[in-house]
Amino acid sequence: MSSPAHAIYSSTLSLNLQGYEFQPQYGVQLIFNETAESLLLCAAVCSQNPSCRTFDYDSSSHRCRLFEADLTNGAIIAMTSQTSIVGSVILSASLYASMYNQSCSACRENRYQTCSSTTNMCQCPGNSYWNGSMCPLQLFANATCSQIDACRSDLNLSCIINSFGEFTQCLIGNVSVHDKPLGRSLSILLRLLL
Numbered sequence: 001m002s003s004p005a006h007a008i009y010s011s012t013l014s015l016n017l018q019g020y021e022f023q024p025q026y027g028v029q030l031i032f033n034e035t036a037e038s039l040l041l042c043a044a045v046c047s048q049n050p051s052c053r054t055f056d057y058d059s060s061s062h063r064c065r066l067f068e069a070d071l072t073n074g075a076i077i078a079m080t081s082q083t084s085i086v087g088s089v090i091l092s093a094s095l096y097a098s099m100y101n102q103s104c105s106a107c108r109e110n111r112y113q114t115c116s117s118t119t120n121m122c123q124c125p126g127n128s129y130w131n132g133s134m135c136p137l138q139l140f141a142n143a144t145c146s147q148i149d150a151c152r153s154d155l156n157l158s159c160i161i162n163s164f165g166e167f168t169q170c171l172i173g174n175v176s177v178h179d180k181p182l183g184r185s186l187s188i189l190l191r192l193l194l
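Sequential numbering from 1 applies to the sequence shown in UniProt numbering.
Structure (C-alpha cells):
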C-alpha cells in the first residue's frame, strides 16, 4: 500500500499549550526526527505523512518529531522548557467511512486511506486496521484486541484466540485456537444436534 509522492493532503490539527512534548510508549513509533524552521512547517510535514498521528516541535532547537502514535499508546508530558508544543491529527469516522473499500479514485490525495495495489480499493494505511468505522493504529504486545488484524503484524504480533474462540490479546506468534477444549465442545454440540 502506498500513496503517490506528489499528493497534497489536508488534515485538521489540534495544538496543546507550550511547555509539553510527546512521549511514545515504544521507540518504533518515532517516524521522523529532523529540524524544521517553524511550527507550521513541522505541522505540514506531519499532515503530508499518512502515518503521522502526533508531532512535537521545539521552537528553540527547531526539532520536529513525528510519531505513529496517539494518546492510546503515548503521553503528553510537561517539560521544564516552554519552547516545545505538541500537535495531534484530529480523526473522526466521517474521514473514513465514505471511502473505505471503495475504488482507489475515492481516496486519491487523501491521507486517511491508501490505495491497495492488490485489491485496487481504499484501505487503512500501514500499521492501522479497519474497526468498522475508522482506522485506529494497530496494537502492541499484551494489548486487548477484538479482531484478527488489530495487532502490529510487522512486530510479529497476532490477536490470540482463546479456547472459547474469542479474541483476547496481542502476543508474539500465530493466531491459534486451543484444540482440546474447543474440540470437546464442538463434539458435544454435534452429538446434541444429531
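Ideal placement from N, C-alpha and C gives every residue a C-beta, glycine not left out.
Runs of the beta strand (DSSP E) lying entirely within the segment 106-158, each at least 3 residues long, are absent. In the DSSP assignment, V45 falls within the unbroken alpha helix (DSSP H) covering L39 to Q48.
Separation of A141 and P125 (C-alpha to C-alpha, rounded to the nearest whole angstrom) is 20 Å.
In this structure, G27 sits away from F55, with a CB-CB distance that is not shorter than 8 Å. Contact between C52 and E68 holds, since their C-beta atoms are separated by about 7 Å, short of 8 Å.
For A75, the closest alpha carbon among the candidates A150, F22 and L30 is that of F22.
A contact is defined here as three or more CB-CB pairs under 8 Å, and the segment 92-105 meets this definition with respect to the segment 119-134. Listed in chain order, the beta strand (DSSP E) runs fully inside the UniProt domain "Apple" (17-90) are 20-24, 30-35, 54-58, 63-67, 74-78 and 84-89, counting runs of at least 3 residues. If you draw a 10 Å sphere on the C-beta of S158, you find 16 or more other C-beta atoms in it, and that means buried.
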